[in-house]
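Here the structure is laid out as structure tokens; the discussion comes afterwards.
2 protein chains.
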Amino acid sequence: MKKSSTTESLILHAAERIFFLRGFDGARMQEIADEASINKALLHYYFRSKERLFDAVFEAAVSRLLPPVLSVLHLELPLREKITAFVEAYFTTVLENPFLPGFIVHELQRNPAHFRAVIAARRIDVLETLKMQLHEGAESGIWRRISAEQFMLNLFSLCAFPFVARQGMQALSGKNDHEYLLLLEERRTLISGWVLDMLRPETVNVK
Amino acid sequence: MKKSSTTESLILHAAERIFFLRGFDGARMQEIADEASINKALLHYYFRSKERLFDAVFEAAVSRLLPPVLSVLHLELPLREKITAFVEAYFTTVLENPFLPGFIVHELQRNPAHFRAVIAARRIDVLETLKMQLHEGAESGIWRRISAEQFMLNLFSLCAFPFVARQGMQALSGKNDHEYLLLLEERRTLISGWVLDMLRPETVNVK
DNA sequence: GTCTATAAGCAGATAGAC
DNA sequence: GTCTATCTGCTTATAGAC
Chain F
32 MKKSSTTESL ILHAAERIFF LRGFDGARMQ EIADEASINK ALLHYYFRSK
82 ERLFDAVFEA AVSRLLPPVL SVLHLELPLR EKITAFVEAY FTTVLENPFL
132 PGFIVHELQR NPAHFRAVIA ARRIDVLETL KMQLHEGAES GIWRRISAEQ
182 FMLNLFSLCA FPFVARQGMQ ALSGKNDHEY LLLLEERRTL ISGWVLDMLR
232 PETVNVK
Chain A
32 MKKSSTTESL ILHAAERIFF LRGFDGARMQ EIADEASINK ALLHYYFRSK
82 ERLFDAVFEA AVSRLLPPVL SVLHLELPLR EKITAFVEAY FTTVLENPFL
132 PGFIVHELQR NPAHFRAVIA ARRIDVLETL KMQLHEGAES GIWRRISAEQ
182 FMLNLFSLCA FPFVARQGMQ ALSGKNDHEY LLLLEERRTL ISGWVLDMLR
232 PETVNVK
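Listed in order, the protein sequences are those of chains F and A.
Quick note: the first sequence uses my numbering, first residue 32, plus one each step.
Quick note: the second sequence uses my numbering, first residue 32, plus one each step.
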């Protein structure tokens, strides 16, 4: 019992590292077994098939990212603080699992239905609260009018893309791993300001 | 001669569709052959191996995206127009090849050296010109001080992420393909404004 | 150049001993 | 529960006819 539970999570963690790195198609059961220091047969004993093992990893991955990050969007918070909270939650989670965004993004492409199913099962509705809040802010003239969808895209893009396309951005900027991490830490403190800049009314337009 | 050239490009286009959709590991030579309405043997006759065929596709993909998009960053243009030109170039190119960004991003992860090699071969330096321009703008007080790296990340993120994570964003927003395309067209007109907002000096801070 | 047929190797999955 | 050994099918790649 105890033994089985630890082996199961041992496998899960090994599978996670491999799947995160290589995706479903690129991963080999043998490599996962090696990573867990066991043999292939045990993988099948615990998870029956590669697909089921992957599903378990994907489910765990989504569970690790979405709840902490999306839940803040529903909090009773002024927009300004909500944005900061979101960015903080995102960077905290993702800096601990740098391959998570790329992994999810790739699976999004490989099997769109998979993610949809997970979202549907969790009854996630990110936009509902945001829509109201943005609408109110626009009515009272505090914030510029913007659709919740575009706002969400902006927020997600600024946070996620630097992780998703990390290798490309490092290649273009010539930064090594350490320097790029510093860049990311800097972003963490800057993004919420930028997002608010985009929301500022255009009244005092330059020129 | 003529025959071989058309077959070669027939294969290349078929391979592109399949590789774009499934990535290197997920693609099957058989499926590419079917897509081109030929047989597997011909693929090897023309490209010798799956890997070489993929390289050809990747090279072509990078060639289609980077030059038109990055070249505008070197033009002798005021920052304001440069940003608009970049966004226009990006959306024009990518709306014609919607899977291009996801394909490149995935390959970035699968084989980082591959992209580095392509960049190095082309002697691409995006930041050089930008650095100067941003520095000047900051000195003269027109624009806020920001590193060229963060600026590039912002611009790229806002443009690329909506394509890269399209399936996820559609799932979260509940938009269908058509509605999402409209959203993208709207972004095309909005992004440069947002990027400029992020550059506005903070002097007239709200509250 | 293009095809059919086949080789060679590998990956996922199972059988069965311990 | 964990292992070794093995099966089965698929995938890339080649041989060779036309």
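The beta carbon of each residue, even a glycine, is placed where N, CA and C say it ideally should be.
The Cβ of A:Ala144 sits no closer than 7 Å to any Cβ of chain F. Within the region 187 to 203 of chain F, the residues whose Cβ lies closer than 7 Å to any Cβ of chain A are, in chain order, Phe187, Ser188, Leu189, Ala191, Phe192, Pro193, Val195, Ala196, Gln198, Gly199, Met200, Ala202 and Leu203. Along the region 56 to 71 of chain F, going in chain order, the ones with a CB nearer than 9 Å to a CB of chain A are Asp56, Gly57 and Ala58. The region 89 to 101 of chain A makes contact with the region 123 to 133 of chain A; the number of CB pairs closer than 8 Å reaches 3 or more.
In the displayed model, F:Asp86 falls within a helix according to three-state DSSP.
Rounded to the nearest whole angstrom, the C-alpha separation of F:Asp56 and A:Pro193 is 24 Å. Considering only A:Ala191, A:Met229, A:Ile135 and A:Tyr76, the residue with the shortest C-alpha distance to A:Arg218 is A:Ala191.
For the set A:Asn185, A:Ser102 and A:Met163, the Cα lying nearest the Cα of A:Asp228 is the one of A:Asn185. Runs of the alpha helix (DSSP H) lying entirely within the region 94 to 150 of chain A and spanning at least 4 residues, in chain order: 110 to 127 and 131 to 141. Within the model, the alpha-carbon separation for F:Glu66 versus A:Ile173 is close to 54 Å. Counting along the chain, F:Glu233 sits inside no alpha helix (DSSP H), nor does DSSP assign it H or E at all.
At the C-beta level, A:Pro143 and F:Gln198 come within 7 Å of one another. One finds nothing in chain F with a Cβ atom closer than 9 Å to the Cβ of A:Gly172; even the nearest lies about 11 Å away. Counted as a single uninterrupted DSSP element, the stretch harbouring F:Arg59 is not any alpha helix (DSSP H), since DSSP gives it neither H nor E.
Excluding sequence positions up to five before and after F:Leu106, its CB lies within less than 8 Å of the CB of Lys113 and Ala116, all in the same chain and listed in chain order.
Exclusion of the five residues before and after A:Lys71 leaves Met60, Gln61 and Ala64 as the residues of its chain whose Cβ lies within less than 7 Å of its Cβ. Within chain A, no C-beta atom comes less than 7 Å from the C-beta of F:Arg219; the nearest is roughly 11 Å away. Under the Cβ criterion of 7 Å, A:Val157 is counted among the residues facing chain F. Classified as exposed, A:Gly205 has fewer than 16 neighbouring CB atoms from the shown chains inside 10 Å of its CB.
A:Glu210 has a beta carbon lying at 7 Å or more from every beta carbon in chain F.
Taking 7 Å as the cut-off, the beta carbon of F:Ala151 is found no closer than this to the beta carbon of F:Lys162. Assigned with DSSP and collapsed to three states, F:Asp156 falls in coil, not helix or strand. Here F:Ala46 is buried, its C-beta having at least 16 other C-beta atoms within 10 Å.
By the Cβ neighbour-count rule, F:Glu167 is exposed, with fewer than 16 other Cβ atoms within 10 Å of its own. Chain-ordered, the chain F residues with CB closer than 7 Å to the CB of A:Asp228 read Asp228, Met229 and Arg231. Where F:Gly199 is concerned, the enclosing alpha helix (DSSP H) starts and stops at Arg197 to Ser204.
The C-beta of A:His166 comes no closer than 7 Å to any C-beta of chain F. Taking a C-beta cut-off of 8 Å against chain A, none of the residues of the region 88 to 111 of chain F qualify. CA-CA distance, F:Leu84 to F:Phe130, rounds to 18 Å.
The beta carbon of A:Ile42 does not come within 7 Å of any beta carbon belonging to chain F, so the residue lies off that interface. Look at A:Gly224 here: in three-state DSSP terms it is helix. For F:Asn185, the residues of chain A that pass the 8 Å Cβ criterion are Leu189 and Trp225, in the order they occur in the chain. Taking each of A:Gln181, A:Ile135, A:Ser188 and A:Leu214 in turn and checking the Cα distance to A:Ala92, the smallest one comes out for A:Ile135. Rounded to whole angstroms, A:Ala169 and A:Arg175 show a C-alpha spacing of 6 Å.
In this structure, the CA atom of A:Thr220 is about 14 Å from the CA atom of F:Phe182.
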